[in-house]
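Chains as they are written, first to last, in my numbering: chain V, 1 to 259; chain R, 1001 to 1067.
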């Protein structure tokens, strides 16, 4: 079995199942090093108003050309605003991949599934490769699929919290029931949590804060990348589940000191 | 002429007549900046031919880091 067998989104065959967000890095150079060191294939970026008083660098110059750019619609509070951001991204840089992120709750930053479905429908019709970031609800995931989503991105836990897979059981249901790739996004704080998501059968994992705020983001990126790969291998190896009772891993007969 | 730039009122110098000149007058390198005029996305090539008028609402948007 090919442990690095690719999976496909929007016609692209992807080998690296660790996606990286580009926010919160101390420097753009550091971000570039992370992308290169772990051969990241998909990165997310956002769109914001230009600070007209300041000189600002174009972040795209710091992202290797071969990397797939997935623009998130952060800042959107409803479907209409998400659609606007996607269209701007397409005009600005020919972007096709959109992570729909609609958040109308400033306390928990939870995604608004209903508005997200509306945006998926419009943008998929316009030819975008649409990846909705969502609360892991089976009914909503089915709606996303019908609306033309290319993959589903359920949250592991609250954005930026590092709390890991709080929504584990519900993500498992999406993995079991959806025919789309499931990419676990948000709340992944350490590589072991990313590995756990992959062991469950997730197709990929996205992290940002955990890497960008690490003391050494480059090492953190490599650690995540390896954990994601190890989790994928564990899934492919179909490792046995815990049995719930003691079970010897060495034979209990033929002791050397038996009489 | 007075316009709204990213939500704030701004008085433009008299020599700024079109959208291209308006974007070029900003500090820094504005390559990669996308422009909306009164809610409509403007293609790169059209900026020069669009003359500005009082009260125009211009939004300048660019890519930033994000997760």
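Heads up, the beta-carbon is just placed ideally off N, CA and C, and yes, glycines get one too. Here the structure is a predicted model, which means the values were calculated and not measured.
9 Å Cβ cutoff met for residue i and residue j
{"i": "residue 162(V)", "j": "residue 198(V)", "result": "no"}
{"i": "residue 1052(R)", "j": "residue 1058(R)", "result": "yes"}
{"i": "residue 307(V)", "j": "residue 150(V)", "result": "Since the first and last residues shown for chain V are 1 and 259, residue 307(V) lies out of range."}
{"i": "residue 1062(R)", "j": "residue 87(V)", "result": "no"}
{"i": "residue 236(V)", "j": "residue 3(V)", "result": "yes"}
{"i": "residue 46(V)", "j": "residue 1001(R)", "result": "no"}
{"i": "residue 7(V)", "j": "residue 178(V)", "result": "no"}
{"i": "residue 52(V)", "j": "residue 1012(R)", "result": "no"}
{"i": "residue 101(V)", "j": "residue 82(V)", "result": "yes"}
{"i": "residue 206(V)", "j": "residue 1066(R)", "result": "no"}
{"i": "residue 224(V)", "j": "residue 191(V)", "result": "yes"}
{"i": "residue 11(V)", "j": "residue 208(V)", "result": "no"}
Burial state of residue i (16 or more Cβ within 10 Å)
{"i": "residue 56(V)", "result": "buried"}
{"i": "residue 239(V)", "result": "exposed"}
{"i": "residue 195(V)", "result": "buried"}
{"i": "residue 253(V)", "result": "exposed"}
{"i": "residue 1038(R)", "result": "exposed"}
{"i": "residue 112(V)", "result": "buried"}
{"i": "residue 36(V)", "result": "exposed"}
{"i": "residue 26(V)", "result": "exposed"}
CA nearest to the CA of residue i, picked from the options
{"i": "residue 1019(R)", "options": "1009(R), 1063(R), 1003(R), 1007(R)", "result": "1003(R)"}
{"i": "residue 94(V)", "options": "1044(R), 1067(R), 1056(R)", "result": "1044(R)"}
{"i": "residue 174(V)", "options": "155(V), 160(V), 191(V), 26(V)", "result": "155(V)"}
{"i": "residue 146(V)", "options": "117(V), 21(V), 20(V)", "result": "117(V)"}
{"i": "residue 9(V)", "options": "222(V), 132(V), 216(V)", "result": "132(V)"}
{"i": "residue 260(V)", "options": "32(V), 28(V), 43(V)", "result": "The requested residue 260(V) is not part of the displayed model; chain V covers only 1 to 259."}
{"i": "residue 38(V)", "options": "234(V), 61(V), 136(V), 219(V)", "result": "219(V)"}
Alpha-carbon spacing of residue i relative to residue j, whole angstroms
{"i": "residue 170(V)", "j": "residue 1024(R)", "result": "50 Å"}
{"i": "residue 64(V)", "j": "residue 14(V)", "result": "16 Å"}
{"i": "residue 138(V)", "j": "residue 67(V)", "result": "31 Å"}
{"i": "residue 103(V)", "j": "residue 134(V)", "result": "10 Å"}
{"i": "residue 158(V)", "j": "residue 120(V)", "result": "22 Å"}
{"i": "residue 1027(R)", "j": "residue 167(V)", "result": "45 Å"}
{"i": "residue 40(V)", "j": "residue 24(V)", "result": "17 Å"}
{"i": "residue 189(V)", "j": "residue 153(V)", "result": "16 Å"}
{"i": "residue 71(V)", "j": "residue 214(V)", "result": "23 Å"}
{"i": "residue 115(V)", "j": "residue 90(V)", "result": "21 Å"}
{"i": "residue 69(V)", "j": "residue 246(V)", "result": "48 Å"}
{"i": "residue 96(V)", "j": "residue 124(V)", "result": "10 Å"}
{"i": "residue 1(V)", "j": "residue 1005(R)", "result": "57 Å"}
{"i": "residue 1040(R)", "j": "residue 50(V)", "result": "17 Å"}
{"i": "residue 58(V)", "j": "residue 1034(R)", "result": "12 Å"}
Where residue i meets chain A, residues with beta-carbon distance less than 7 Å
{"i": "residue 1004(R)", "result": "Annotation note: the requested chain A is absent from the structure, which comprises protein chains V and R."}
Quiz item: Between the segment 34-47 of chain V and chain R, which residues of the former have a C-beta closer than 9 Å to a C-beta of the latter?
Solution: 44, 45, 46, 47
Practice problem: Anything in the segment 1043-1059 of chain R with a Cβ closer than 9 Å to a Cβ of chain V? List those residues in chain order, please. | Solution: 1043, 1044, 1059
Quiz item: the segment 1014-1035 of chain R: which residues have C-beta closer than 8 Å to a C-beta of chain V, in chain order?
Solution: 1026, 1027, 1028, 1029, 1030, 1031, 1032, 1033, 1034
Exercise. Taking a Cβ distance cut-off of 9 Å, strictly less, list which residues of the segment 1-28 of chain V are near chain R, in chain order.
Key: 20, 21, 22, 23, 24, 25, 28
Quiz item: Going along the segment 205-220 of chain V in order, which residues come within less than 9 Å of chain R, judged by CB to CB distance?
Solution: 206, 207, 208, 209, 212
Quiz prompt | the segment 75-89 of chain V: positions lying closer than 8 Å to chain R by Cβ | solution = 87, 88, 89
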